[in-house]
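Trainee: Counting in this note's numbering, the sequence shown runs from 38 upward without gaps. For each residue, glycine too, the CB sits at the ideal point set by N, CA and C. The structure displayed is predicted, hence computed values, not measured ones.
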Amino acid sequence: MSEDNGWMRIDALLSKLCLIKTRSVAQKACQKSLVKVNDKLAKPSEKVLAGDKIEFCLAGYTKIVDILEIPKGNVSKSNSVNFYKLRENRRNDE
Numbered sequence: 038m039s040e041d042n043g044w045m046r047i048d049a050l051l052s053k054l055c056l057i058k059t060r061s062v063a064q065k066a067c068q069k070s071l072v073k074v075n076d077k078l079a080k081p082s083e084k085v086l087a088g089d090k091i092e093f094c095l096a097g098y099t100k101i102v103d104i105l106e107i108p109k110g111n112v113s114k115s116n117s118v119n120f121y122k123l124r125e126n127r128r129n130d131e
């Protein structure tokens, strides 16, 4: 899924980095306008590059992460944190 030019689809990246459980859940989150890339609502096919900021709301929390590197293959859950920096993780008060 990763391309030679160093990008990946947002739905695949969120799943691969274990930020969202599955790619289909990531796709649905994008379709429901719960995911932003660089402060812009993201479609599931949105391209993400190293240096991009991703914000998503799921399960009562809003998370903001900076992408440090796009993985070139499969990533273990314990290694996934090396590809992003958690900027914010706040509970949504409803």
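Does DSSP classify residue 116 as helix, strand or coil?
Mentor: DSSP places residue 116 in coil when its eight states are reduced to three.
Trainee: Where does residue 65 sit, in a helix, a strand or coil, going by DSSP?
Mentor: It is helical.
Trainee: Measuring only from the beta carbon, is residue 60 closer than 7 Å to any heavy atom that is part of the ligand MG?
Mentor: The ligand MG is not among the ligands present in this structure, which contains no ligands whatsoever.
Trainee: Tell whether a beta-carbon distance below 8 Å holds between residue 106 and residue 79.
Mentor: Contact: no.
Trainee: For residue 77, name the three-state secondary structure that DSSP assigns.
Mentor: The answer is strand: DSSP assigns residue 77 an E or B state.
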